[in-house]
Ligand SMILES: Cc1cc2nc3c(=O)[nH]c(=O)nc-3n(C[C@H](O)[C@H](O)[C@H](O)COP(=O)(O)OP(=O)(O)OC[C@H]3O[C@@H](n4cnc5c(N)ncnc54)[C@H](O)[C@@H]3O)c2cc1C
Ligand code: FES
Ligand code: FES
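Chains as they are written, first to last, in the numbering used here: chain L, 1123 to 1296; chain W, 110 to 404.
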């Protein structure tokens, strides 16, 4: 404990889901641990801590990255989106809605990483083919679902996004 | 697990970075994308006393393209390089290989130069740099040098980078006119490190006959192996050349080690088959190029 107390710390500021947050962290604090321990946002899950499982994936300035393979100090000044930032108030994000409808989760441990990853993929490619949907989730591991329903969720999420924008256009036209 | 404590340096200019590396010498490591280094720190396979984080250094995230080749700066992420259309049009092997490097999310953070500095015998970019005869631009406080690929890789996870030195950029030259390239590999799962991977370059003459057929390999040797297999197919029309013979010719020169993923025999078998497939593809790509094209 004593040498941990002697360890140098750094003040950092991150924008997490649009809210400025500050923390005082040692350089070796992983971004995943900073989110979970320092900022008490436990939506981001930690499985392997070596980049393989994808549970810890968050968006850094819009791009999905492994929060277990980044130091919080390196994220200084970045815009971070975690799973907690996907929903719009009570309205689930299309990817969350799709996971619910398609049974894209069982225990839910892997789910935050899938949701963040897929939301970014759909931003880039709103109409993925089945093959592209498989590729989109190929870097995330799930021990429960067997992936079929997750792939279906990716396709359904794209559909929900289209449905919602059609409704929005309709309402705007009225 | 968590990394052991280290002293953190966050330079904002290349001069500051080289200064910091010079001061910490053997006890220091460069932190680029962290996609190889941080797993090793987390598992405590490495515990350097100092980390010099170059992510805040201005001017390193560059991809410069001209008619002679592509120069990739130390902070250019794999995804940025793979998505660079101008780089793809002069050196297509970059995108061909980068699509096989890990998963998209890892490619958003990991750097191409970092993967070369890491010198993993399973890293696709080591084979690309070696096959194209590229080079690494290294710098230390007060000095700079350029090292050809053949001298840069000295062992598994070992490059000729010295304490206090860092890689500033990597240079990938444009292959000769009428050259086609391709990258083929077999991995247990898509995105995993390959059990065997082959980069191939085939150059044809104006009559679509084979001038040169070369390959390089990952996961087969401690440092990237480049083979010239031209003698099996020299002067043959690209579509009548015996690419299987070229594959066989590679067999005698491939001497892989076994590990938990594959026996040595299986790896050699993969090498032979992938050599044939990669050369066939590369020849087809070369033949499809308009006459007088640069690639
Ligand atoms: C799950 C997973 C799968 C992966 N699969 C593959 C794969 O299939 N193929 C593949 O090629 N890679 C793979 N990688 C590794 C990935 O490509 C890394 O990005 C790359 O190997 C290292 O680049 P980096 O920028 O992350 O370097 P870092 O992790 O920051 O550094 C790696 C090493 O290189 C040194 N270094 C980095 N940059 C410099 C520099 N400019 N000058 C001097 N030294 C430097 C560091 O000190 C360190 O020793 C995988 C990684 C993960 C987590
Ligand atoms: S916890 Fe980060 S990838 Fe597994
Ligand atoms: S739902 Fe349990 S690990 Fe994916």
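Each residue gets a CB set at the ideal place from its N, CA and C atoms; glycine is no exception.
Between residue i and the rest of its own chain, which residues show a CB-CB distance below 7 angstroms, the 5 nearest in sequence each way excluded?
i              : result
residue 317/W  : 346, 347, 396
residue 1167/L : 1177, 1178, 1231, 1234, 1235
residue 1256/L : 1273
residue 1291/L : none
Relative to ligand 3, is the shortest distance from any of its heavy atoms to the C-beta of residue i smaller than 7 angstroms?
i              : result
residue 1218/L : no
residue 1230/L : yes
residue 180/W  : no
residue 1156/L : no
residue 1266/L : yes
Using C-beta distances below 6 angstroms, list every residue in its chain close to residue i, excluding the 5 sequence neighbours before and after it, in chain order.
i              : result
residue 403/W  : Any reading at residue 403/W must be qualified, since the residue scores a pLDDT of 49, below 50, and its modelled position is unreliable; the value itself is stated next. Excluding positions up to five away in sequence, the list reads 286.
residue 371/W  : 304
residue 1148/L : 1129, 1131
residue 314/W  : 320
residue 227/W  : 145
Which residues in chain L sit within 9 angstroms of residue i, going by Cβ to Cβ distance?
i             : result
residue 162/W : 1149, 1193, 1195, 1196
residue 111/W : 1150, 1151, 1152, 1155, 1171
Candidates the options: which alpha carbon is nearest residue i's?
i              : options                        : result
residue 297/W  : 283/W, 121/W, 398/W, 211/W     : 211/W
residue 1245/L : 1284/L, 1252/L, 1268/L         : 1284/L
residue 335/W  : 123/W, 253/W, 380/W, 171/W     : 380/W
residue 329/W  : 255/W, 277/W, 300/W, 230/W     : 230/W
residue 310/W  : 301/W, 326/W, 302/W, 299/W     : 326/W
residue 1162/L : 1276/L, 1206/L, 1270/L, 1247/L : 1206/L
residue 167/W  : 126/W, 176/W, 276/W            : 126/W
residue 177/W  : 387/W, 323/W, 361/W, 281/W     : 281/W
residue 113/W  : 156/W, 145/W, 319/W            : 156/W
residue 1184/L : 123/W, 217/W, 221/W, 239/W     : 217/W
residue 364/W  : 355/W, 354/W, 375/W            : 375/W
residue 299/W  : 1169/L, 1263/L, 1288/L         : 1263/L
residue 349/W  : 392/W, 153/W, 360/W            : 392/W
residue 1150/L : 143/W, 175/W, 344/W, 322/W     : 143/W
residue 324/W  : 258/W, 388/W, 301/W, 264/W     : 388/W
residue 339/W  : 333/W, 331/W, 358/W            : 358/W
residue 293/W  : 386/W, 264/W, 172/W, 137/W     : 386/W
residue 384/W  : 373/W, 362/W, 366/W            : 362/W
Identify, in the order they occur along the chain, each residue of the same chain with its Cβ nearer than 8 angstroms to the Cβ of residue i, setting aside the five sequence neighbours on each side.
i              : result
residue 1123/L : Residue confidence is low: residue 1123/L scores 48 on pLDDT, short of 50, so the model does not pin down where it sits. No coordinate-derived value is stated.
residue 271/W  : 249
residue 163/W  : 120, 126, 139, 140, 141, 169, 183, 184, 275
residue 225/W  : 232, 234, 235, 238, 245, 261, 268, 276, 279
residue 165/W  : 119, 120, 121
residue 445/W  : Absent from the model: residue 445/W. The displayed extent of chain W is 110 to 404, so no value can be given.
residue 1248/L : 1280, 1283, 1284
Could you tell me which chain W residues have their CB closer than 7 angstroms to the CB of residue i, listed as they occur along the chain?
i              : result
residue 1260/L : 212, 299, 300
residue 1185/L : 217
At 8 angstroms on the CB atoms, spell out the chain W contacts of residue i, in chain order.
i              : result
residue 1188/L : 144, 214, 215, 218
residue 1230/L : Near residue 1230/L there are no residues of chain W at all, since even the closest Cβ is about 20 angstroms away, more than 8 angstroms.
Taking 7 angstroms as the cut-off, does the CB of residue i come closer than this to any heavy atom belonging to ligand 2?
i              : result
residue 260/W  : no
residue 1185/L : no
residue 1176/L : yes
residue 1169/L : yes
residue 1173/L : yes
With a threshold of 7 angstroms (Cβ to nearest heavy atom), would residue i be considered close to ligand 1?
i             : result
residue 227/W : yes
residue 263/W : no
For residue i, which residues in chain W fall below 9 angstroms Cβ to Cβ?
i              : result
residue 1129/L : 114
residue 1295/L : Within 9 angstroms Cβ-Cβ: nothing; residue 1295/L doesn't reach chain W, min ~36 angstroms.
residue 1176/L : 212, 214
What in chain L is Cβ-close to residue i, meaning under 7 angstroms?
i             : result
residue 152/W : 1172
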